[in-house]
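Asks: Each residue of the sequence shown is one higher than the last, beginning at 4 in this note's numbering.
Glycine included, every Cβ here is placed at the ideal spot set by N, Cα and C.
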Amino acid sequence: MKKGELQIYESVFVIFFFVVIFMIGFFLFYRFTIEDIKGSNFEFQDYKFKQLIGIIPSMYEVRCSFSLSDTECIDLSKAIAFKKVSKDYFNIFGYKKISIKEVYPEDKNAVVIYEKIPNKYKTRREISSPVAIYDATLDKFKVGKIILEWYY
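1) If you follow the beta strand (DSSP E) that residue 70 is in, where does it begin and where does it stop?
2) Identify whether residue 65 lies in helix, strand or coil by the three-state DSSP scheme.
3) Pick from 118, 82, 38, 53: whose alpha carbon is nearest that of residue 63?
4) Measuring CB atoms only, is the segment 47-65 touching the segment 120-127, in the sense that at least three cross pairs come out at less than 8 Å?
5) I think residue 149 touches residue 56, with their Cβ atoms under 8 Å apart; what is that distance to the nearest whole Å?
6) Do you know offhand how far residue 29's Cα is from residue 43's?
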């Protein structure tokens with residue numbers, strides 16, 4: 004082999020080596036970026052999940068209203084009626100189960116107002132918060148809790 008041919012082969016080998024190193028670096032950067040995006044997405048979804056516990060009682064669809072004033076409580080009759088149209092709220096709630104349970108003066112079964120559970124899920128998280136419940140049939144306020152379950 005001539006000296007010129009050897010230098011050409013050497014240059015091609017060096018370029019090939021740098022291309023391989025660049026591709027490995029790009030692949031690792033891609034993998035770490037995807038993992039970081041997945042982690043950020045989970046943190047955002049977790050934040051939205053925790054915010055829902057405070058947003059749901061103030062939704063006009065379930066909130067108590069007397070004449071011209073609004074009270075921070077859940078109207079049980081509105082919540083039961085909301086269950087009929089809750090399928091339209093998938094874009095807001097996603098794969099979650101929202102239920103309201105009366106705990107005082109009697110411990111009653113929970114009223115499920117939204118339920119969309121995926122066929123397969125890895126984890127189920129649950130948070131709850133106390134809430135005032137207004138029962139229009141008895142014209143009484145009761146103590147309850149709103150239970151929010153997240154499936155992912």
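Replies: Concretely, from the data shown:
1) For the purposes of this step, residue 70 is taken as residue 67 along the sequence shown, with counting starting at 1. Segment: none, residue 70 is in no beta strand (DSSP E) and carries neither H nor E.
2) By one-based count along the sequence shown, residue 65 stands at place 62. The answer is coil: DSSP assigns residue 65 none of H, G, I, E or B.
3) The residue given as residue 63 occupies position 60 in the sequence shown. Selected option, being the one with the closest Cα: 82.
4) no
5) In the sequence shown, residue 149 corresponds to position 146, counting from 1. In the sequence shown, residue 56 corresponds to position 53, counting from 1. At roughly 7 Å, the Cβ-Cβ gap stays under 8 Å, so residue 149 and residue 56 are in contact.
6) As a position in the sequence shown, residue 29 is number 26, starting the count at 1. As a position in the sequence shown, residue 43 is number 40, starting the count at 1. Looking at the two C-alpha atoms, the distance is approximately 21 Å.
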